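Reviewing the structure listed below.
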Amino acid sequence: MDDKPSTILAIFPHPDDELGCIGTLANHSQRGDKVHMIWTTYGESTTMLPGMSTDEIKQERIRHANKISKIVEAEEVRFLDWGDTKIEVKRDLAVELAKIYCELKPDAIMTWDVFTNHPDHRNTAQIVIDAVTYARIAKVVEPLEPHREAVTVFHYHVEESPLPVIKIDISDTIDKVNEAVGFYAEIYGWTNWKRWIDNKRLKGTFNTSWYEEQFNVNLSSPRPPKYLFARCD
């Protein structure tokens, strides 16, 4: 078994978009994997921080990102400043992201789905996918070395997606989810946040229960598995 730490990128348009994968990111950090958190905007168009100028909102959003990064024990935080509500699926943005892939060499990326109503969400997701291909092309990312290893993209789960679904057990990191959602809840005045978290709790057999996060798995031409199921040694 390969014991080399994996590299996981979480790429979302706005701070607080990451709340759907906090438990999974924390799982990987606790295992010793490298987690990097990237936001493609500062979320500067929000109306949830009244009375602040655009520059003040950006600084506040940076504070939010740094807090979440500490909760999940991420390696770093980055903002790409593509412009809140202004993200379009463009080659230059995909190339910019592809060069980040070449630098960080991710094994997996977590992002929004391409069916969501918010243009920033679905456009970021499409750019994330496009960048995987661009990162493989030497003439596109030069002078960097291309990143040609397999990269799996995990999208927030939606019923409309034809992609297979994976469920991640986050029972051991549910405290991290509570801390992250509670942090935003205090800032934004969310009153039903505990119910949102409880919706992640599922009942199993023999009176057991667990918490989970769900994703659609996007891997081009995946290599077929050798076994029907993984064995825990």
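Numbering of the sequence shown is given in our numbering, commencing with residue 44 and proceeding in unit increments.
Don't be surprised by glycine CBs; every beta carbon is placed ideally from N, CA and C.
Since the structure is predicted, the reported quantities are computational estimates derived from the model, not experimental observations.
Touch test, the stretch 89-99 against the stretch 199-213, Cβ-Cβ under 8 Å, three pairs minimum = no
Return yes when the Cβ of residue 167 is within less than 8 Å of the Cβ of residue 130, no when it is not.
-> yes
How would you write the range of the beta strand (DSSP E) that residue 119 sits in, first residue to last?
-> 119-122
Own chain residues within Cβ distance below 7 Å of residue 255, not counting five before or after | 210, 211, 212, 213, 243, 245
For residue 224, the nearest candidate out of 112, 152, 132 (CA to CA) = 112
Nearest-angstrom Cα distance between residue 258 and residue 208?
-> 6 Å
Got a sec, what are the start and stop residues for the alpha helix (DSSP H) residue 229 sits in?
-> 217-231
Would you call the CB atoms of residue 117 and residue 216 closer than 8 Å?
-> no
Could you tell me whether the Cβ of residue 95 comes closer than 8 Å to any Cβ of chain C?
-> Absent here is chain C; the protein component of the structure consists of one chain.
Could you give the C-beta distance for residue 260 and residue 195, rounded to a whole number, given that I count them as a contact under 8 Å?
-> 6 Å
With DSSP collapsed to three states, give me the class of residue 44.
-> With a pLDDT of 42 at residue 44, under the threshold of 50, the predicted position of this residue should be treated as unreliable, and no value is reported.
Where are the alpha helix (DSSP H) runs, 4 residues long or more, that stay fully inside the stretch 59-139, in chain order?
-> 65-74, 97-115
Drop a sphere of 10 angstroms on the beta-carbon of residue 44, count the other beta-carbons inside from all chains shown, and report buried for 16 or more, exposed for fewer.
-> Any answer about residue 44 is weak, because its pLDDT of 42 lies below 50 and its placement is not dependable; what the coordinates show is given next. Classification of residue 44: exposed, given that the 10 Å Cβ count is below 16.
Nearest residue (CA-CA) to residue 50, options 145, 76, 227 = 76
Bridge partner(s) assigned by DSSP for residue 196 = 152, 261
Excluding five sequence neighbours on each side, which residues of the same chain lie with their C-beta closer than 7 Å to the C-beta of residue 183?
-> 138, 141, 177
Where does residue 151 land, buried or exposed, given buried means 16+ other C-beta within 10 angstroms?
-> buried
Given that a residue counts as buried once 16 or more other Cβ atoms are within 10 Å of its Cβ, and exposed if not, what is residue 60?
-> buried
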